[in-house]
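Student: My structure is below; once you've seen it, I'll send some questions.
Have a look at this one:
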């Protein structure tokens, strides 16, 4: 599917972009693989690792509509990974978060439609489901924009979808590198916001593979959600520092006790497949009659019960302490 195609990744110097690039280069022969980001240092560093002839490095910001128009010329597939993601930072800098996560999404959509890009997948987050913080609210708005974009294309070829998943093991700014950093400095205790906190858990490779597969599945308008395990925060501590003391510091601004990926209010729109869920659009696209129960890979889904909710606290799949350690090893591959 990706052979001899041009692919663009916004925010491509991040954890996802690097793993995606490694995966694509190992399994396909793209015509161009474009890394777009605003940080020239990160691009320089990434070029030392990934310098295949198909690679292109574009300096640019999703806030810049004109740059998005230029960057997407003759592009077939777009992954929109650029975002301001830190929950406390968004609470303290709300206007900046809105400019990147909402206005930036709008610029990506308009540029993709204008350049007749074939398919666009936007990366979302569990925090976009029933959001209580600004980051989650902006990503929910972004999701709505990308879903509705399928109605904006008219007779154009471009199709849009979203992928929503939970905490990525070992990604920059996440809890695992934070804990490891404290332990390396000789910390005698680890800070925990709440002893009953749970989170969805996924490796970066699994996230990348899920996105790649959904390019093949998508019909346009879906929010794809993988079935992934959860972890208890106290098990996480025990996995990395058995017997260490913990200090309960309280839930941070905008933080949830449990994360949600399929809200109960969307249960009438949610389909369950063998290894993932799909939240169908709330709107009907003009001139399109899409049967989301069967995707382009001929996988079949069925409606979930009314009021069903998929969140990290009621997940039937929890990792134990040893499995958490095994996940950490997989994340380093």
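Numbering (UniProt numbering), first residue to last: 1 to 333. For glycine and all other residues, C-beta sits at the position ideal for the given N, C-alpha and C.
How big is the Cα-Cα spacing for residue 152 and residue 221?
Tutor: For the purposes of this step, residue 152 is identified with residue 152 of the chain shown, where counting begins at 1. For the purposes of this step, residue 221 is identified with residue 221 of the chain shown, where counting begins at 1. So the alpha carbons of these two residues sit roughly 11 Å apart.
Student: Taking 7 Å as the cut-off, decide whether the C-beta atoms of residue 122 and residue 162 are in contact.
Tutor: Locating residue 122 in the chain shown gives position 122, where the first residue counts as 1. Locating residue 162 in the chain shown gives position 162, where the first residue counts as 1. Yes, Cβ-Cβ distance for residue 122 and residue 162 is below 7 Å.
Student: Below 7 Å CB to CB, which residues in the same chain sit around residue 266 once its five sequence neighbours on both sides are set aside?
Tutor: Against the chain shown, residue 266 aligns to sequence position 266. Here the set comprises 279.
Student: Based on Cα-Cα distance, which residue from 142, 269, 91 and 69 lies nearest to residue 115?
Tutor: Walking along the chain shown from the start, residue 115 turns up at place 115. For the residues 142, 269, 91 and 69, the minimum Cα distance to residue 115 belongs to 69.
Student: Can you check the segment 193-265 for any alpha helix (DSSP H) of at least 4 residues that lies completely inside it and give the ranges in chain order?
Tutor: Those alpha helix (DSSP H) runs which fall completely within the segment 193-265 and span 4+ residues are 204-217 and 233-240.
Student: Determine the burial state of residue 66: buried for a count of at least 16 other Cβ atoms within 10 Å of its Cβ, exposed for fewer.
Tutor: In the chain shown, the residue the question calls residue 66 occupies position 66. Counting Cβ neighbours within 10 Å, residue 66 comes out exposed, since fewer than 16 surround it.
Student: Cβ of residue 282 within 6 Å of any heavy atom in the ligand FAD?
Tutor: Inclusion of the ligand FAD in the displayed structure is not the case, the ligand content being empty and no account of it being possible.
Student: Give the secondary structure of residue 158 by DSSP, where H, G and I count as helix, E and B as strand, and everything else as coil.
Tutor: Numbered from its first residue, the chain shown carries residue 158 at position 158. Of the three classes helix, strand and coil, the one that applies to residue 158 here is coil, per DSSP.
Student: Can the beta-carbon of residue 29 be found less than 7 Å from the beta-carbon of residue 51?
Tutor: Taking the chain shown and counting its residues from 1, one reaches residue 29 at position 29. Taking the chain shown and counting its residues from 1, one reaches residue 51 at position 51. Not a contact, by the Cβ cut-off of 7 Å.
Student: Quick check on residue 95: buried or exposed, where buried means 16 or more other Cβ atoms within 10 Å of its Cβ?
Tutor: The sequence position of residue 95 within the chain shown is 95, counting from 1. Per the 10 Å Cβ criterion, exposed.
Student: Among 245, 303 and 236, which has the Cα closest to the Cα of residue 326?
Tutor: Residue 326 sits at position 326 when you count from the first residue of the chain shown. Among 245, 303 and 236, the Cα nearest to that of residue 326 belongs to 236.
Student: Determine the burial state of residue 282: buried for a count of at least 16 other Cβ atoms within 10 Å of its Cβ, exposed for fewer.
Tutor: The residue you call residue 282 lines up with position 282 of the chain shown. Classification of residue 282: exposed, given that the 10 Å Cβ count is below 16.
Student: Can you give me the C-alpha to C-alpha distance between residue 138 and residue 62, rounded to a whole angstrom?
Tutor: Start at 1 with the first residue of the chain shown, and residue 138 comes out as number 138. Start at 1 with the first residue of the chain shown, and residue 62 comes out as number 62. When rounded, the distance between both Cα atoms is 15 Å.
Student: Let's test the definition: count the other Cβ atoms within 10 Å of the Cβ of residue 155 and tell me whether it reaches 16, buried, or not, exposed.
Tutor: As a first step, residue 155 must be located in the chain shown, where it is residue number 155. Exposed: under 16 other Cβ atoms inside 10 Å.
Student: At what residue ranges does the segment 52-85 contain a whole run of the alpha helix (DSSP H), taking only runs of 4 or more?
Tutor: As far as the segment 52-85 is concerned, its whole alpha helix (DSSP H) runs of at least 4 residues are 65-71.
Student: What are the complete beta strand (DSSP E) segments, minimum 3 residues, inside the segment 10-42?
Tutor: List check, beta strand (DSSP E) in window: 32-37.
Student: Roughly how many whole angstroms lie between the Cα atoms of residue 331 and residue 204?
Tutor: As a first step, residue 331 is located in the chain shown; it is residue number 331 there, counting from the start. As a first step, residue 204 is located in the chain shown; it is residue number 204 there, counting from the start. In a straight line, the C-alpha of residue 331 is about 7 Å away from that of residue 204.
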